[in-house]
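Q:
In UniProt numbering, the protein residues as written are 1 to 804.
1. Between residue 199 and chain D, is there a C-beta pair that is closer than 8 angstroms?
2. Nearest to residue 338 by alpha carbon, out of 436, 215 and 414?
3. Between the beta-carbon of residue 253 and the beta-carbon of residue 279, is there less than 8 angstroms?
4. Beta carbon of residue 469, beta carbon of residue 355: below 8 angstroms?
5. Name the residue from 212, 424, 325 and 575 whose alpha carbon lies nearest to the alpha carbon of residue 373.
6. Along the alpha helix (DSSP H) that carries residue 51, what are the first and last residues, could you check?
7. Could you tell me the distance, in whole angstroms, from the CA atom of residue 393 to the CA atom of residue 414?
8. Using beta-carbon positions only, say whether residue 484 and residue 734 come within less than 8 angstroms of one another.
9. With DSSP as the reference, identify every bridge partner of residue 231, one or two as the case may be.
10. Taking residue 582 as the reference, which of 316, 238, 724 and 480 has the closest Cα?
11. Does the distance from the CB of residue 281 to the CB of residue 501 come in under 8 angstroms?
12. If you run the structure through DSSP and keep just helix, strand and coil, what is residue 590?
13. Does the ligand NAD have even one heavy atom less than 7 angstroms from the beta-carbon of residue 582?
14. For residue 385, count the other beta carbons within 10 Å of its own beta carbon; 16 or more makes it buried, fewer makes it exposed. Which is it?
15. Is residue 177 helix, strand or coil by DSSP?
16. Skipping 5 residues on each side, what residues in its chain have a beta carbon closer than 7 angstroms to that of residue 815?
17. Thinking residue 331 and residue 467 are a contact (beta carbons under 8 angstroms), I'd like their distance in whole angstroms, please.
18. How many angstroms separate the CA atom of residue 763 from the CA atom of residue 169?
19. Return helix, strand or coil for residue 761, following the three-state DSSP convention.
20. Work out the CA separation of residue 579 and residue 698 for me, nearest whole Å.
21. With C-beta atoms as the reference, is residue 387 less than 8 angstroms away from residue 406?
22. Would you decide whether residue 140 is buried or exposed? Buried here means 16 or more other CB atoms lie within 10 Å of its CB.
23. Taking only runs that begin and end inside the stretch 254-283, name each unbroken beta strand (DSSP E) of 3 or more residues, in chain order.
24. What three-state label does DSSP hand residue 619 in the structure shown?
25. Count the other CB atoms within 10 Å of the CB of residue 459; is the residue buried (16 or more) or exposed (fewer)?
26. In chain order, which alpha helix (DSSP H) runs of at least 4 residues are fully inside the stretch 314-381?
27. Specify, as a first and last residue, the run of the beta strand (DSSP E) that residue 525 falls within.
28. Should residue 408 go down as buried or exposed, given a rule of 16 or more other Cβ atoms within 10 Å for buried?
29. Considering residue 515, what are the terminal residues of the beta strand (DSSP E) in which it resides?
30. Going by the beta-carbon positions, is the gap between residue 152 and residue 270 smaller than 8 angstroms?
31. What span of residues does the alpha helix (DSSP H) with residue 124 cover, start to end?
32. When you compare only the Cα positions, how much space is there between residue 292 and residue 251?
33. Taking 7 angstroms as the limit between beta carbons, can you name the residues of its chain near residue 164, skipping five residues before and five after?
34. Among residues of its own chain, excluding the 5 on either side of residue 400, which ones have a beta-carbon nearer than 8 angstroms to its beta-carbon?
35. Counting along the chain, where does the alpha helix (DSSP H) carrying residue 131 start and finish?
36. Check whether the Cβ atoms of residue 167 and residue 185 sit closer than 8 angstroms, and answer yes or no.
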């Protein structure tokens with residue numbers, strides 16, 4: 001980012017709150033808003049904690065308003081009471097010998113439920129000390145949750161007033177407005193009431209920074225392999241462990257807890273900026289991690305009991321209704337962080353992953369074991385025979401069900417048949433792993449580089465399982481999390497305390513009007529970009545794997561080329577900076593990017609247009625196969641009918657003008673002319689890009705390069721949000737092709753696997769020397785020798801498709 005964005009910012013003195021889910025916001029986050037009593041119009045002048053305010057405002061929009069949010073929280077309190085009371089009742093208040101007719105005198109009489117229930121007085125007397133202790137802990141926890149709910153009622157009532165009064169949006173209109181329309185109105189209110197006194201105008205990036213401040217740090221730590229821990233498990237090999245419980249503990253340590261490096265929600269403690277205190281801070285953080293691990297170990301029995309009970313009551317009915325539901329897949333916590341862009345809100349991430357679910361499931365399902373298939377077929381045959389006989393006998397005479405354990409056997413055989421059926425592949429399945437993986441990449445945007453051309457291998461499938469595991473595996477990890485979390489904190493997180501301290505010092509910048517943010521979230525292609533992910537010009541130098549690289553960013557015609565200096569330590573892995581910048585530019589077309597970012601976007605668009613126009617020659621060799629890859633993406637037909645229709649139109653190069661809405665003169669956001677399934681609250685970007693005049697150009701490789709027409713031949717027109725998603729998918733494939741062609745042209749295809757990250761432990765002056773000693777164009781400096789960064793792992797860049 002430009003230097004003006006890194007100006008000194010003096011934080012307001014207030015204790016902030018967590019920037020994650022509203023449910024995890026600490027209840028002692030302090031006063032949120034300073035109310036000016038002069039007039040209602042000035043009520044939201046000078047917010048003391050804009051982070052908490054914008055975060056709650058975002059959740060208020062996504063969770064459908066005040067009534068829905070408060071009803072959900074109150075019912076969650078009731079649910080907690082129900083689980084505790086019902087579990088205690090089943091443990092102490094049911095006479096199981098009577099219920100199971102274990103007493104001889106009960107065999108000849110009919111048993112009612114009342115006969116098996118112990119009277120309340122006798123039940124309470126039978127409570128053990130352990131039961132009373134668990135109930136006391138549960139009561140204290142419930143009281144804390146109830147107090148939080150009361151606080152949320154007051155906090156979100158103020159948010160409701162802000163929506164109704166300042167933004168002029170009623171709760172009934174929330175689902176008909178995208179978040180970007182709400183954000184536009186917030187920026188207008190900022191100009192009138194000055195919620196932030198340090199800036200006259202808030203940009204889209206400023207709002208995203210405040211909502212995602214801590215989330216961007218988490219994404220950056222995962223991108224630089226600082227998180228999550230990787231465990232070596234016998235028989236299972238290396239697994240990535242990151243559950244809700246461990247994630248909560250890490251956020252408590254690193255962001256909003258009493259020992260966190262942040263002084264408040266927007267300001268990092270000054271000591272973390274001083275290299276001389278790095279070892280002292282690391283020792284203190286290591287001690288805090290140790291105490292937190294001990295606390296988790298002491299609370300492990302209670303947390304484990306709650307996880308088991310909650311999982312049992314949640315999934316029992318689902319399993320009974322759909323026995324194969326646990327055999328479906330879901331995106332893991334690690335996958336959601338690894339695949340997330342910088343400055344990407346939850347609903348934007350969910351939309352991408354939901355679109356990728358179908359091709360990802362198809363990809364995982366094409367891998368079958370012939371041996372397991374034969375065994376499953378035979379087991380299903382035998383189990384089905386027994387099940388058929390028992391069902392037939394039950395139909396002939398219902399007394400068959402009263403025979404001891406017959407109903408249990410029928411239930412077990414039904415589940416066994418369902419499991420075996422899931423192990424038998426579909427006879428109509430088509431083997432196309434590379435095409436399916438390309439379809440997955442088009443939506444998730446990030447996949448390891450060594451998967452390229454190897455999507456058909458079981459090893460790639462096993463690694464993809466870490467991002468996309470079975471739901472039953474996800475459930476087991478969550479249940480076992482209380483046991484494993486203390487071990488992970490003690491033996492895996494604690495030794496890396498110094499790395500966390502160095503990360504905060506090296507990758508934190510101050511932004512005027514925003515505070516301290518992760519520098520990666522600035523999407524600065526000069527500092528954190530990678531030349532192998534950019535359309536480099538003639539001035540670019542070969543990016544060695546262990547050297548600092550100075551390269552020239554190709555700018556649009558008529559502009560001066562901007563020299564960039566970066567090294568592997570400061571570069572984001574997997575092209576995260578470039579892809580995040582493209583995604584943010586597409587979903588926020590009103591955003592005015594800094595000159596470097598705009599030059600990158602313009603150069604990318606210019607190169608895509610030249611490639612689409614059929615220009616040839618050595619300069620365009622890396623991009624010659626893009627159209628073929630886009631055609632293969634379309635031929636996979638795994639992106640859904642809407643995307644396939646748009647791709648078909650794009651690949652035909654239709655130049656038909658996009659039809660304008662008859663309401664094109666109306667104010668954006670007043671009323672969408674095209675219906676969107678599921679409402680607009682989940683839309684990824686502005687609903688009608690065509691209504692906004694004078695917006696900065698975006699990387700629209702679909703609509704701009706292949707033609708703006710999206711005529712499908714079926715008499716339907718996709719909404720703007722679907723166009724944006726398709727443009728981003730095509731832009732992703734184009735950038736990956738740029739990257740891989742660049743690597744092959746430069747002979748830079750080294751895969752350094754199983755290496756340590758010793759660079760994180762290097763002293764601050766050594767890491768600074770890496771940046772200072774690097775040569776720039778025209779300089780006589782000496783590049784850092786390869787052994788300096790030789791122990792850095794290879795950049796894990798994504799696959800595009802098969803080499804064929």
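Cβ atoms here follow ideal geometry from the backbone N, Cα and C, with glycine treated the same way.
A: If we stick to the structure as given:
1. No chain D appears in the structure shown, which is made up of a single protein chain.
2. Of 436, 215 and 414, the smallest CA-CA separation from residue 338 is found for 215.
3. Going by C-beta atoms, residue 253 is not nearer than 8 angstroms to residue 279.
4. Going by C-beta atoms, residue 469 is not nearer than 8 angstroms to residue 355.
5. If you compare the alpha carbons of 212, 424, 325 and 575 with that of residue 373, the shortest gap goes to 424.
6. Its alpha helix (DSSP H) spans residues 50-62.
7. For residue 393 and residue 414, the distance between alpha carbons rounds to 16 angstroms.
8. Not in contact: residue 484 and residue 734 (Cβ atoms no closer than 8 angstroms).
9. Residue pairing for residue 231: DSSP places it in a beta bridge opposite 239.
10. Nearest C-alpha to residue 582: 724.
11. Cβ atoms of residue 281 and residue 501: closer than 8 angstroms.
12. The answer is coil: DSSP assigns residue 590 none of H, G, I, E or B.
13. The ligand NAD is not among the ligands present in this structure, which contains no ligands whatsoever.
14. Exposed: under 16 other Cβ atoms inside 10 Å.
15. Residue state, collapsed to three classes: coil.
16. As shown, the chain starts at 1 and ends at 804. That puts residue 815 outside it, with no answer to give.
17. At roughly 7 angstroms, the Cβ-Cβ gap stays under 8 angstroms, so residue 331 and residue 467 are in contact.
18. Reliability fails at residue 763, whose pLDDT of 41 lies under 50, so the model's placement of it is uncertain and no value is given.
19. Low local confidence applies: a pLDDT of 37 at residue 761 is under 50, so the model's placement there is unreliable, and no value is given.
20. Below a pLDDT of 50, predicted positions are generally treated as unreliable, and residue 698, at 37, falls in that range; the measurement from the model is reported next regardless. Distance between the alpha carbons of residue 698 and residue 579: 13 angstroms.
21. The Cβ-Cβ distance between residue 387 and residue 406 does not fall below 8 angstroms.
22. Under this definition residue 140 is an exposed residue.
23. Qualifying beta strand (DSSP E) stretches, in chain order: 262-264.
24. Unreliable positioning characterises residue 619 in this predicted model, as indicated by a pLDDT of 40, which lies under 50. A coordinate reading is not provided.
25. Result: exposed.
26. Runs of the alpha helix (DSSP H) inside the stretch 314-381: 333-338 and 346-365.
27. Neither: residue 525 is in no beta strand (DSSP E) and is coded neither H nor E.
28. Residue 408 should be labelled exposed.
29. That run of the beta strand (DSSP E) goes 515-518.
30. One thing to note: residue 152 has its Cβ no nearer than 8 angstroms to the Cβ of residue 270.
31. Counting along the chain, residue 124 sits inside the alpha helix (DSSP H) bounded by residues 120-125.
32. Approximately 12 angstroms between the Cα atoms of the pair.
33. Excluding positions up to five away in sequence, the list reads 170.
34. Around residue 400: 390, 393, 394 and 406.
35. 129-161 is the extent of the alpha helix (DSSP H) around residue 131.
36. Going by C-beta atoms, residue 167 is nearer than 8 angstroms to residue 185.
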